[in-house]
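**Q** Counting in UniProt numbering, the sequence shown runs without a single skipped number right up to 464 at its last residue. There's a structure below that I have some questions on.
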Amino acid sequence: MSATSADAPPPEAPPAAARPAAPPRSHRRGVELSLTVAAVLVSVYGYAEVGLATRGAVPGDAAGYGAGLALLAVLAHLAVRARAPYADPLLLPIAVLLNGFGLVLIYRLDLEPSLGPRAAPTQLVWSTLGITLFVLVVLALDDHRVLARYSYVGMTAALALTAAPIFFPAVNGAKIWIRAGGFSIQPGEFAKVLLAVFFAAYLSANRAALAYTGRQVFGLRRLQLPTGRVLGPVLAIWLLSVGLLVLERDLGTSLLFFGLFVVLLYVATGRTGWVAVGLLLSAAGAVAVGSLEPHVHSRVEDWLHPFASIHAGLGPGQLAQSLFAFGNGAVLGTGLGQGHSALIGFATKSDFILATAGEELGLAGLGALLALYALLVARGMRAGLALRDPFGRLLAVGLATILALQVFVITGGVTDLIPLTGMAMPFLAQGGSSVVTNWIIVALLIRVSDSARRPSPEPQEESP
């Protein structure tokens, strides 16, 4: 060894390179509180604007709505301040704004007599439950890595939840609901979070075997497949869940599960070949199911020929009315409460709620909404990539992927980019199971981002 190398002190890795220094605790939570208050004010303004546009007066319960939403938002903020002080300051305000604006849109559509009974009060109750669970998860979950211990229990529960609707009558052509009296729930919404936890735990534990063992396909190293012993259990569980979903004709959630599986497999192995294989399998499955299943085939026909019913003299269908709504909104929109998206029909508050936003807020408002979703997904991905533990990284990426795929599938469906599938726009659309699940996803991202942004403890100096 040379004298230079012997005398030179070993290089020290700068702490900032390993983990960025976190800004002051009070500053970060103050930003979150300010943005959360702004989100509540924007939601209350939208609520008042709908009343002024439709009835010429501010709704009498506007103050109560604002106070209730503010109370829930502040409770969520206090939970984050107490238990996740280093969490990303944008996650909670974005969720509050999207949830609040979703309530505004549902209230606006409740004013249309043709769309059935009021849904906004029920959605507010589900939102309250979702925020309550958000607070419980933030307070009770000390370390996200604890979830990996219960991955197989969660997987079993996810499969049970996915299979349960088979034994209940179909609703609008799909068996995705459990209904008893006046109560209904969509168990597949909760199953996707449990499957994300299982996939993250299993793939993180077997990532080396997935990436570096197995046989090459066509002699291409990037398409090297892992051994069946390693990949078999995950594929079996995924195939079983997708098979159940095909039997239930809920292809929207089936597509979400498939996309989640492929994305996490790519992140775990770093092999782009999985993306190509996933796209090929997805295309083959879509063609097969679209040709053999009548319910799905009708969706494909509507996608290919959205104006066929008009040419046949039967008037516009739902998808055509959705396209007309987007066109009527132009750039700046007609204004809240002044659109005609009620012509879409029974699914206006759920599958087609984005059409109401597009018509009354215009391209500018729709772009702002999609930017909020993009920011929420990006911050979730960023939290995962900043983590050192593989499980946390895959979990955060998986949860963010769930949100991203839902937004893409719904936006593409109502704009005729892809065939329409039954799925709820996160936080925006009517659906209690969906809004509760999305708040749980945000709570988990809060916990992950707190771990990712928490500064490493400084090493203690040894006493002489």
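Beta carbons are placed, not taken as given, at the ideal position from N, Cα and C, and that holds for glycine.
Taking three-plus beta-carbon pairs below 8 Å as touching, is the region 98 to 113 in contact with the region 46 to 56?
**A** Taking 8 Å as the limit for Cβ pairs, the verdict is that the region 46 to 56 does touch the region 98 to 113.
**Q** Could you tell me which residues DSSP pairs with S184 in its beta bridges?
**A** Note: S184 sits in a beta bridge opposite R179.
**Q** Could you check the C-alpha separation between L162 and P93 for me, to the nearest Å?
**A** A quick correction: the sequence has Thr, not Leu, at residue 162. So the two alpha carbons sit approximately 31 Å from each other.
**Q** Between A368 and S322, what straight-line distance do the alpha-carbon atoms span, to the nearest angstrom?
**A** Between A368 and S322, the C-alpha separation is close to 19 Å.
**Q** To the nearest angstrom, how far is it from the Cα of A374 to the Cα of S254?
**A** Distance between the alpha carbons of A374 and S254 is about 22 Å.
**Q** Near S298, what residues of its chain come up, given a Cβ to Cβ distance below 7 Å and the 5 sequence neighbours on each side ignored?
**A** Once the five neighbours on either side are set aside, S298 has no close Cβ partner at all.
**Q** CB A357 to CB L363, shorter than 8 Å?
**A** Result no, Cβ atoms of A357 and L363 do not sit closer than 8 Å.
**Q** Tell me which residues share the same chain as G317 and place their Cβ nearer than 6 Å to its Cβ, disregarding the 5 neighbours each side in the sequence.
**A** Here the set comprises S309.
**Q** Skipping 5 residues on each side, what residues in its chain have a beta carbon closer than 8 Å to that of H77?
**A** Here the set comprises R29, E32, L33, T36 and L92.
**Q** Nearest to residue 550 by CA position, among L115, A87 and P89, is which residue?
**A** Missing from the structure shown is residue 550; the chain here goes from 1 to 464 and no further.
**Q** Helix, strand or coil for V171 per DSSP?
**A** DSSP places V171 in strand when its eight states are reduced to three.
**Q** Count the C-beta pairs between the region 407 to 424 and the region 148 to 165 that are closer than 8 Å, then say yes if the count reaches three, no if not.
**A** Judged by Cβ distances under 8 Å, the region 407 to 424 makes no contact with the region 148 to 165, as fewer than three pairs qualify.
**Q** Among the candidates R447, T54, A120 and D450, whose CA atom is the shortest distance from the CA of L428?
**A** Selected option, being the one with the closest Cα: A120.
**Q** On a CA-only basis, which of G422, Y65 and D142 is nearest S350? Give me that one, please.
**A** Nearest of G422, Y65 and D142 to S350, Cα basis: G422.
**Q** In chain order, what residues of the same chain have a beta carbon less than 6 Å from the beta carbon of L361, not counting five sequence neighbours either side?
**A** Answer for L361: G333, listed in chain order.
**Q** Measure the alpha-carbon distance for L105 versus G252 and round it to whole angstroms.
**A** Whole-angstrom Cα-Cα distance: 23 Å.
**Q** When the Cα of T132 is compared with those of P117, G68, H144 and L304, which residue comes out closest?
**A** Looking at the Cα atoms, G68 is the closest of the given residues.
**Q** With a threshold of 16 other CB atoms inside 10 Å of the CB of R55, please say whether the residue is buried or exposed.
**A** Per the 10 Å Cβ criterion, exposed.
**Q** Quick one: which unbroken alpha helix (DSSP H) runs of 4-plus residues sit fully inside the region 109 to 162? Chain order, please.
**A** Counting whole runs of 4 or more residues, the region 109 to 162 contains the alpha helix (DSSP H) stretches 120 to 140.
**Q** Work out the CA separation of I178 and P187 for me, nearest whole Å.
**A** If you take the alpha carbons of P187 and I178, they lie about 8 Å apart.
**Q** Put A404 into one of helix, strand or coil per three-state DSSP.
**A** Note: A404 maps to helix in three-state DSSP.
**Q** Short of 8 Å in beta carbon distance, which residues of its chain neighbour A84, apart from the five on each side in sequence? Order them along the chain.
**A** The answer, listed in chain order, is V138, I446, R447, S449 and D450.
**Q** If E248 and I176 are in contact, beta carbons under 8 Å, what's the gap, nearest whole angstrom?
**A** At roughly 6 Å, the Cβ-Cβ gap stays under 8 Å, so E248 and I176 are in contact.
**Q** Beta-carbon within less than 6 Å of A95's beta-carbon, same chain only, minus the 5 sequence neighbours each way: which residues are those?
**A** Answer for A95: V442, listed in chain order.
**Q** Within the same chain, show all residues whose beta-carbon is closer than 7 Å to that of L72, passing over the 5 residues directly before and after it, in chain order.
**A** These residues qualify, in order along the chain: T128 and I131.
**Q** Three-state secondary structure (DSSP) at L235?
**A** Reduced to three states, the DSSP call for L235 is helix.
**Q** Check whether the region 388 to 396 and the region 185 to 204 touch, using three or more Cβ-Cβ pairs below 8 Å as the test.
**A** Flag = yes, the region 388 to 396 and the region 185 to 204 touch.
**Q** Can you tell me whether R271 is buried or exposed? The criterion is at least 16 other CB atoms within 10 Å of its CB, across all chains shown.
**A** When all chains shown are included, R271 counts as buried.
**Q** Just tell me which of L372, L354, A378 and V197 has its CA closest to the CA of A424.
**A** If we check each option's Cα against that of A424, L354 comes out closest.
**Q** Beta carbon of M155, beta carbon of L195: below 8 Å?
**A** Yes, the Cβ-Cβ distance between M155 and L195 is below 8 Å.
**Q** Thinking C-alpha only, which one of F346, R382, R454 and H305 is nearest T415?
**A** Nearest option by C-alpha distance: H305.
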